[in-house]
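A.B. asks: I have a structure I would like to understand better, so I am pasting it below and will then ask my questions one at a time.
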Amino acid sequence: MSVSRRSIRVQLTQWYALVVLVALCLFGVVSYVALRQAMAASKSDTLLRREGRIFTYLRELNANQDPGRWLLQLGDYATAAPEGELIQVYSAEGERLYPQSSTPAPKISWPSKRDCTAPCFGEALVNQHPVRTMRHDHVIAGQTVRVCMAGSMVEHLDILHHFRSALLWCLPLVLILSGLGGYLLSARALKPVDRMTKTAVEIGISNLSNRIPVENSGDEVQRLAEAWNDLLSRLEDAVERQRQFTSDASHDLRTSIAVILATGQLTLRHQRTEEEYREAIATMVSECDSTSHLLEDLLLLARGDALPAKTDHRPVNLSALVSEVSQRASSLAAANGQRIDVDTTVEPIVIFGDDKLLPRLLSILIDNAVKYTPAGGSIHVSLQRCGDGLAHLKVQDTGIGISPELLPKIFDRFYRADPVRNRNPGGFGLGLAIAKSVAAAHSAEISVSSVLNRGSTFVVKFPECLAIALSDSENMALTKGH
1 MSVSRRSIRV QLTQWYALVV LVALCLFGVV SYVALRQAMA ASKSDTLLRR
51 EGRIFTYLRE LNANQDPGRW LLQLGDYATA APEGELIQVY SAEGERLYPQ
101 SSTPAPKISW PSKRDCTAPC FGEALVNQHP VRTMRHDHVI AGQTVRVCMA
151 GSMVEHLDIL HHFRSALLWC LPLVLILSGL GGYLLSARAL KPVDRMTKTA
201 VEIGISNLSN RIPVENSGDE VQRLAEAWND LLSRLEDAVE RQRQFTSDAS
251 HDLRTSIAVI LATGQLTLRH QRTEEEYREA IATMVSECDS TSHLLEDLLL
301 LARGDALPAK TDHRPVNLSA LVSEVSQRAS SLAAANGQRI DVDTTVEPIV
351 IFGDDKLLPR LLSILIDNAV KYTPAGGSIH VSLQRCGDGL AHLKVQDTGI
401 GISPELLPKI FDRFYRADPV RNRNPGGFGL GLAIAKSVAA AHSAEISVSS
451 VLNRGSTFVV KFPECLAIAL SDSENMALTK GH
């Protein structure tokens with residue numbers, strides 16, 4: 001499998017190599033500086049020990065009380081000093097006492113600190129060779145003298161040079177090895193992701209039931225696989241609903257078109273009376289009207305899917321709206337031998353909503369209750385302001401009820417308890433789906449509870465309930481157009 005230059009594996013390797021490079025550079029610089037300081041400190045200790053041995057030697061000769069004898073014995077000792085080490089003595093005024101000013105001696109830049117009663121150290125060049133310098137002021141026979149010593153740093157610099165060369169040679173090697181190791185480690189870490197990618201690529205519209213294998217590793221890869229599987233489940237459900245929606249919509253549209261076509265063809269086969277033509281046209285008009293309602297419902301659902309919530313919302317007197325819609329449905333209920341009771345608060349409840357969609361929601365719930373309640377039954381519609389700050393709209397009937405296993409599906413589009421989806425007693429199975437869509441557009445929650453053969457209760461909880469006392473004119477203004 002080819003690896004893209006910008007693949008995560010390559011990027012991880014590059015970052016890993018960069019981190020190792022920076023770490024190695026820091027390690028090299030710190031190590032080099034520490035080694036250099038350690039060698040300088042070692043040379044300083046060597047100079048201090050040599051100075052100590054000089055004064056021990058002079059003390060044993062009792063020469064440190066006589067400056068002249070002290071300098072003479074110092075010269076004897078200096079001739080035995082190791083190669084590369086220098087000793088010079090100056091007076092407090094800077095006059096060279098040893099070697100004598102008439103004797104050639106290399107010029108060295110000694111530490112220039114004013115007070116060197118404690119040893120002062122520095123670095124200088126002698127004949128282009130680096131040396132470590134030390135100056136220490138002493139009082140001998142009441143006279144201040146400056147003892148200056150220098151030791152060669154050539155060997156130390158050679159060691160530093162070899163150390164630096166070793167670092168420069170090892171750096172590319174370690175970088176290559178770390179890059180290779182980082183690539184292998186990233187490849188191993190991303191291997192589950194490669195398997196997930198391969199499986200995801202193989203999943204298409206025809207096999208959405210396939211899932212990505214999940215390894216119980218407890219890491220981010222497992223969470224990613226679980227998230228993908230959850231996404232696939234939701235996608236599968238959405239596609240299945242879309243298929244069912246398309247199938248049901250086409251079924252109902254084909255049925256209406258078939259009725260219109262069959263009625264027209266049968267009517268045209270033979271000469272008909274005026275009354276028969278009227279009946280045929282009435283049938284066709286009825287089917288056209290039914291199809292028109294179906295298309296309107298489909299457009300409403302499509303608009304609910306496409307538009308965000310709370311579009312074109314304004315204050316709506318929900319109490320007056322409930323009373324108005326219930327009053328319109330009372331005539332149909334009375335014709336079926338049913339009764340509609342309405343219970344609302346004394347103070348009108350005002351919510352922000354769409355004054356065209358809310359009546360549709362109420363009509364769907366009340367008409368649904370009337371449709372599935374037998375003669376002699378009752379429908380109770382109530383609107384109350386609850387302590388949770390929500391307005392609870394409740395539509396309760398004493399109808400045939402809904403089986404528990406069907407409750408989760410009744411808000412699906414085109415879903416009806418009748419498996420063949422007959423239009424008796426009317427409708428296409430879109431009503432409750434539209435009700436749910438309208439509720440969602442108002443950030444409301446719709447729920448249902450039901451007991452078979454005892455009735456159902458639909459509850460819609462509207463948010464942002466406003467306790468506003470309205471005048472009659474305001475009530476009329478808020479409900480105008482319903």
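Per the UniProt record's numbering, the sequence shown starts with residue 1, numbered consecutively.
Even for Gly, the Cβ is constructed at its ideal location relative to N, Cα and C.
Model, not experiment: these values are computed from the prediction.
Check whether the Cβ atoms of residue 154 and residue 136 lie closer than 8 Å to each other.
C.D. replies: In the sequence shown, the residue the question calls residue 154 occupies position 154. In the sequence shown, the residue the question calls residue 136 occupies position 136. Against a cut-off of 8 Å, the Cβ pair of residue 136 and residue 154 comes out as no contact.
A.B. asks: Determine the DSSP secondary structure at residue 211, reduced to helix, strand or coil.
C.D. replies: Working through the sequence shown from its first residue, we reach residue 211 at position 211. Looking at residue 211 - three-state DSSP - the assignment turns out to be coil, as it is neither helix nor strand.
A.B. asks: In or out: residue 501 buried (at least 16 other Cβ within 10 Å) or exposed?
C.D. replies: Given that the chain is displayed from residue 1 to residue 482, the structure contains no residue 501 and the question cannot be resolved.
A.B. asks: Which of the three DSSP states is assigned to residue 483 in this structure?
C.D. replies: Any question about residue 483 goes unanswered here, given that the chain covers just 1 to 482.
A.B. asks: Could you tell me if residue 453 is buried or exposed, where buried requires 16 or more neighbouring beta carbons within 10 angstroms of its beta carbon?
C.D. replies: Translated into the one-based positions of the sequence shown, residue 453 becomes position 453. When all chains shown are included, residue 453 counts as exposed.
A.B. asks: If you follow the beta strand (DSSP E) that residue 201 is part of, which residue opens it and which one closes it?
C.D. replies: The residue given as residue 201 occupies position 201 in the sequence shown. That residue, residue 201, is in no beta strand (DSSP E); its alpha helix (DSSP H) goes 154-202.
A.B. asks: Determine the DSSP secondary structure at residue 131, reduced to helix, strand or coil.
C.D. replies: Taking the sequence shown and counting its residues from 1, one reaches residue 131 at position 131. It is a strand residue.
A.B. asks: Please say whether residue 366 and residue 349 have beta carbons closer to each other than 8 Å?
C.D. replies: For this step, residue 349 is matched to residue 349 along the sequence shown. For this step, residue 366 is matched to residue 366 along the sequence shown. Not a contact, by the Cβ cut-off of 8 Å.
A.B. asks: Apart from the five residues on each side of it in sequence, which residues of its chain come closer than 6 Å, Cβ to Cβ, to residue 343?
C.D. replies: In the sequence shown, the residue the question calls residue 343 occupies position 343. Taken in chain order, the residues that qualify are 382.
A.B. asks: What first and last residue would you give for the alpha helix (DSSP H) that runs through residue 523?
C.D. replies: With the chain covering only 1 through 482, there is no way to say anything about residue 523.
A.B. asks: Which residue's Cα is closest to the Cα of residue 210: 217, 219, 216 and 200?
C.D. replies: On the sequence shown, position 210 is the one that residue 210 refers to. It is 200 whose Cα lies nearest to the Cα of residue 210.
A.B. asks: Give the straight-line distance between the Cα atoms of residue 450 and residue 212, rounded to the nearest whole angstrom.
C.D. replies: Within the sequence shown, residue 450 is the residue found at index 450, counting from 1. Within the sequence shown, residue 212 is the residue found at index 212, counting from 1. Their backbone Cα atoms lie some 38 Å apart in a straight line.
A.B. asks: Which of the three DSSP states, helix, strand or coil, is assigned to residue 19?
C.D. replies: As a first step, residue 19 is located in the sequence shown; it is residue number 19 there, counting from the start. Helix at residue 19.
A.B. asks: So does the stretch 30-42 actually touch the stretch 162-173, counting three or more Cβ pairs closer than 8 Å?
C.D. replies: yes
A.B. asks: For residue 450, which three-state DSSP category applies?
C.D. replies: Residue numbering aside, residue 450 sits at position 450 when the sequence shown is read from its first letter. Here residue 450 sits in strand by DSSP.
A.B. asks: Tell me which residues share the same chain as residue 138 and place their Cβ nearer than 7 Å to its Cβ, disregarding the 5 neighbours each side in the sequence.
C.D. replies: Taking the sequence shown and counting its residues from 1, one reaches residue 138 at position 138. Closer than 7 Å at Cβ, skipping near neighbours: 145 and 147.
A.B. asks: Starting from residue 325, follow its DSSP beta bridges and name the residues at the other end.
C.D. replies: Stepping through the sequence shown from its first residue, residue 325 is reached at position 325. Per DSSP, none; premise fails for residue 325.
A.B. asks: Can you check which of these residues, 174, 39, 95 and 105, is closest to residue 123 by C-alpha distance?
C.D. replies: As a working mapping, residue 123 is identified with position 123 in the sequence shown. Checking every option, the nearest Cα to that of residue 123 belongs to 39.
A.B. asks: I need the DSSP call for residue 290, collapsed to helix, strand or coil.
C.D. replies: Taking the sequence shown and counting its residues from 1, one reaches residue 290 at position 290. The answer is helix: DSSP assigns residue 290 an H, G or I state.
A.B. asks: Please state if the CB of residue 411 and the CB of residue 375 are separated by a distance shorter than 8 Å.
C.D. replies: Residue 375 sits at position 375 when you count from the first residue of the sequence shown. Residue 411 sits at position 411 when you count from the first residue of the sequence shown. Contact: no.
A.B. asks: Any idea which residues DSSP pairs residue 317 with across the strands?
C.D. replies: Translated into positions along the sequence shown, residue 317 becomes position 317. Partner(s): 350.
A.B. asks: What are the start and end residues of the beta strand (DSSP E) that includes residue 394?
C.D. replies: Working through the sequence shown from its first residue, we reach residue 394 at position 394. Here the beta strand (DSSP E) through residue 394 covers 391-397.
A.B. asks: Under the rule that 16 or more other beta-carbon atoms within 10 Å means buried, what is residue 88, buried or exposed?
C.D. replies: The residue you call residue 88 lines up with position 88 of the sequence shown. Buried.
A.B. asks: Would you mind reading off the limits of the alpha helix (DSSP H) that contains residue 461?
C.D. replies: Along the sequence shown, one-based indexing puts residue 461 at 461. Residue 461 -> not in any alpha helix (DSSP H); beta strand (DSSP E) instead, spanning 455-462.
A.B. asks: In terms of residue numbering, what span does the beta strand (DSSP E) encompassing residue 97 cover?
C.D. replies: Here residue 97 refers to the residue found at position 97 when the sequence shown is read from its first residue. Here the beta strand (DSSP E) through residue 97 covers 96-98.
A.B. asks: For residue 282, which residues does DSSP report across the bridge?
C.D. replies: Your numbering for residue 282 matches position 282 in the sequence shown. When beta bridges are read from the DSSP output, residue 282 appears opposite no residue.
A.B. asks: Among residues of its own chain, excluding the 5 on either side of residue 283, which ones have a beta-carbon nearer than 6 Å to its beta-carbon?
C.D. replies: Residue numbering aside, residue 283 sits at position 283 when the sequence shown is read from its first letter. Counting only Cβ-Cβ distances below 6 Å, and skipping sequence neighbours, we find 263.
A.B. asks: Here's the rule: buried if 16 or more other CB atoms are within 10 angstroms of the residue's CB, otherwise exposed. What is residue 317?
C.D. replies: Along the sequence shown, one-based indexing puts residue 317 at 317. Buried: at least 16 other Cβ atoms inside 10 Å.
A.B. asks: Measure how close the beta-carbons of residue 444 and residue 462 come, nearest whole angstrom, since I'm counting them as under 8 Å.
C.D. replies: In the sequence shown, counting from the first residue as 1, residue 444 sits at position 444. In the sequence shown, counting from the first residue as 1, residue 462 sits at position 462. Right, the Cβ-Cβ distance comes to about 5 Å (below 8 Å), so this counts as a contact.
A.B. asks: So residue 358 is in the beta strand (DSSP E); what residue range does that whole segment cover?
C.D. replies: Position 358 of the sequence shown, counted from the start, is the residue given in the question as residue 358. Unbroken run through residue 358 is the alpha helix (DSSP H), 357-371; no beta strand (DSSP E).
A.B. asks: State the Cα-Cα distance for the pair residue 191 and residue 185, rounded to the nearest angstrom.
C.D. replies: Here the question's residue 191 lines up with position 191 in the sequence shown. Here the question's residue 185 lines up with position 185 in the sequence shown. The alpha-carbon atoms of residue 191 and residue 185 are separated by roughly 10 Å.
A.B. asks: For residue 238, count neighbouring Cβ atoms within 10 angstroms of its own Cβ and tell me buried if that reaches 16, exposed if not.
C.D. replies: In the sequence shown, residue 238 corresponds to position 238, counting from 1. Exposed, since its Cβ has fewer than 16 Cβ neighbours within 10 Å.
A.B. asks: Residue 445 by DSSP, collapsed to three states: which one?
C.D. replies: Reading the sequence shown from its first residue, position 445 is the one you call residue 445. Strand.
A.B. asks: Give me whichever residues DSSP pairs with residue 385 in a beta bridge.
C.D. replies: Within the sequence shown, numbered from 1, the residue matching residue 385 stands at position 385. 391, per the DSSP bridge assignment.
A.B. asks: If residue 458 and residue 370 are in contact, beta carbons under 8 Å, what's the gap, nearest whole angstrom?
C.D. replies: Residue 458 sits at position 458 when you count from the first residue of the sequence shown. Residue 370 sits at position 370 when you count from the first residue of the sequence shown. Not a contact, Cβ separation roughly 13 Å.
A.B. asks: Could you tell me the alpha carbon to alpha carbon distance between residue 149 and residue 161, rounded to whole angstroms?
C.D. replies: By one-based count along the sequence shown, residue 149 stands at place 149. By one-based count along the sequence shown, residue 161 stands at place 161. When rounded, the distance between both Cα atoms is 25 Å.
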